[in-house]
Amino acid sequence: VQLQAYGGGLAQAGGSLRLSCAASGSIFSFNLMGWYRQGPGKQRELVAIMTSGGSTNYADSVKGRFTISRDSAKNTVYLQMNSLKPEDTAVYYCNLKWGVSNQYASWGQGTQVTVSS
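Counted the way this note's numbering counts, the sequence shown spans residues 49 to 165.
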């Protein structure tokens, strides 16, 4: 399965962006769908994750500001980012996991988000 992430760009602090991650195949059978980010000089970190059942979990730093969602008919996962902060600046990656133990994973190519103060 190939993933195509897009929607990044430049935003001002307090603004909003919506990231999209389009999968080449059905996302119905995936166990976990998530967004990660890697800021300058930092390790990649989990931002938001959604299970196949629709449960969600967020990093403390984005709770209340970011929302992960999906449209299974469009094979697309979204990340709505509101109240953006300069520290949200990073390359954002989407990720899908499947398999009995989530041992299989696919990554999108990353999309740059830059938030100016």
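Every residue gets a Cβ at the ideal spot worked out from N, C-alpha and C, and that includes glycine.
In the same chain as T162, and ignoring 5 residues on each side of it, the C-beta atoms closer than 6 Å to its own belong to L58, T137, in chain order. Between Y54 and S68, the C-beta gap is smaller than 8 Å, which places the two residues in contact. Annotated as proximal: S164 and Q60, with beta-carbon spacing under 8 Å. Counting C-beta atoms within 10 angstroms of its own C-beta, A121 has fewer than 16 neighbours from the protein chains shown and is therefore classed as exposed.
DSSP assignment within the stretch 99-164 yields the following whole beta strand (DSSP E) runs of 3 residues or more, N-terminal first: 104-106, 114-119, 124-129, 138-146, 152-155, 159-164.
Taking a contact to require three or more Cβ pairs closer than 8 Å, the stretch 68-78 and the stretch 87-95 do not qualify as touching.
For the pair M129 and I116, the CB atoms are not nearer than the 8 Å cut-off.
For G82, the enclosing beta strand (DSSP E) begins and ends at 80-86.
The C-beta distance from S100 to N79 rounds to 5 Å, short enough to fall under 8 Å. As computed with DSSP, A53 is found in a beta bridge with C69.
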